[in-house]
Amino acid sequence: MDQLSEVRLEHASLPGTTCTVAMQGATIKSWQVMNNEMLFVSKQAKMEMGKKALRGGIPICFPQFGPGAMKQHGFARLVKWGMPKVPTVDQSTGDVTAEFVLMASEFTKEMWDYEFVAIYRVKLQAFALATQLEIKNVGDKPFDFTALLHTYLPIDGIAHATVQGLKGSTYVDKLDNSKEELERNDPVKICGPVDRIYRDVKNDIVIGDSGNSHIVIMRSGFPDIVLWNPWIEKSKQMDDFGDEEYKGMVCVEAGAVSTPITLAPGAEWCGKQGLNLVIPQNI
Ligand code: BG6
């Protein structure tokens, strides 16, 4: 399985329900439910091993979210992960689970000199995509890290985008000198560039557009939510993103980023995210 560049999971009970995971970064690049794509990927995305992450899907940011001592968003999204076992099928539900593993290498140690094991479990369910990121410290010194699932969701016109569940949380506005603000809106709408870190968000997050269905993000171990839309100027600056594509996406990113996680030797941490497609019964 070392030669694989990607893995495609097919749900055994719900036709047209699939998930494709690139070995680079264990990046989920497609999640389809009954042949409908649930994730946004830029038409100009150009993923390159060791250099460039996918502009879309669900890249994993680890061990650093954002800029800092190492490359932006860390190395996990840039390097090849392994898949030690063949994916398994739950015969009673048809759910399919795959497990991806990343361990320290010369490349990672140049940026972050620690021994770790990262395990990412991806479970394709009938109307949900459940992911779980585990980080273990297998070295002899403690380390700190931040981690985030950088989920890109498609929107059928940004003016229709609604993000519910953030009201009452404090956010750091990265576009306004990291000023802290209290979110008073529910839903939050996107009318300009947005790059915010909402701290310690208790609620599930519900993302909708003009359609009837919506996505509910459920989490554990990922207390923070980053909301990002590059809008007009930033879109023009990105070489792997179309000038107009900001109108059709929003990133709602579950993370443990405002307070780094510390792991002593032998300790482990786990963060979970469930993306659930909810289709109202009356349609
Ligand atoms: C978001 C950050 O998570 O990712 C933004 O909050 C950043 O500041 C965006 O611009 C995209 O990052 P990148 O490295 O994938 O271009």
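Residues are numbered in my numbering as their position in the sequence shown, beginning at 1, plus a constant of 1275.
Heads up, the beta-carbon is just placed ideally off N, CA and C, and yes, glycines get one too.
Assigned with DSSP and collapsed to three states, residue 1510 falls in helix. The alpha-carbon of residue 1428 is positioned some 15 Å away from that of residue 1335. Listed in chain order, the non-local C-beta contacts of residue 1291 below 6 Å within the same chain comprise 1309, 1310, local neighbours out to five positions each way being set aside. Taking each of 1435, 1457, 1477, 1333 in turn and checking the Cα distance to residue 1467, the smallest one comes out for 1435. If you ignore the 5 residues before and after residue 1483, its C-beta comes within less than 6 Å of the C-beta of 1437, 1489, all in its own chain and listed in chain order.
For residue 1524, the enclosing beta strand (DSSP E) stretches over residues 1524–1538.
Between residue 1421 and residue 1359, the C-beta gap is not smaller than 8 Å, which leaves the two residues out of contact. Listed in chain order, the non-local C-beta contacts of residue 1342 below 8 Å within the same chain number zero, local neighbours out to five positions each way being set aside. Contact annotation: residue 1547 and residue 1494 have beta-carbon atoms nearer than 8 Å.
Closest option to residue 1297, judged by alpha-carbon separation, among 1553, 1284, 1280, 1286: 1280. Among the bridge pairs identified by DSSP, residue 1446 is matched with 1456, 1473. In this structure, the beta-carbon distance from residue 1499 to residue 1532 falls below 8 Å. Look at residue 1521 here: in three-state DSSP terms it is helix. For residue 1469, the closest C-alpha among the options 1506, 1403, 1411 is that of 1506. Note on residue 1322: 16 or more other CB atoms within 10 angstroms of its CB, so buried under the neighbour-count rule.
Beta-bridge partners of residue 1552 (DSSP): 1490. Annotation: residue 1502 to residue 1446 spans about 10 Å, alpha carbon to alpha carbon. Annotation for residue 1401: 1289 place their beta carbon closer than 6 Å to its own, counting only its chain and skipping 5 residues before and after. Cβ neighbours of residue 1543 within its own chain (closer than 8 Å, five residues either side excluded): 1409, 1410, 1411, 1412. Counting the other CB atoms within 10 Å of its CB gives residue 1444 a total of 16 or more, which places it among the buried residues. Annotated three-state conformation of residue 1465 is coil, per DSSP.
Between the alpha carbons of residue 1285 and residue 1405 lies a distance of about 14 Å.
A residue is called buried once 16 or more other Cβ atoms fall within 10 Å of its Cβ, and residue 1317 is buried on that count. The Cβ neighbour count for residue 1330, taken over all protein chains shown within 10 Å, is at least 16; the residue is labelled buried. Residue 1354 and residue 1307 have their C-alpha atoms roughly 25 Å apart.
If the five residues before and after residue 1399 are omitted, its C-beta is found closer than 6 Å to the C-beta atoms of 1284, 1286, 1294, 1371, all from its own chain and listed in chain order. In this structure, residue 1431 sits near residue 1486, with a CB-CB distance shorter than 8 Å. The shortest C-alpha to C-alpha distance from residue 1426 to any of 1554, 1453, 1550, 1556 is the one to 1550. Excluding the 5 residues flanking it on each side, residue 1350 has same chain C-beta neighbours closer than 6 Å at 1383, 1386, in chain order.
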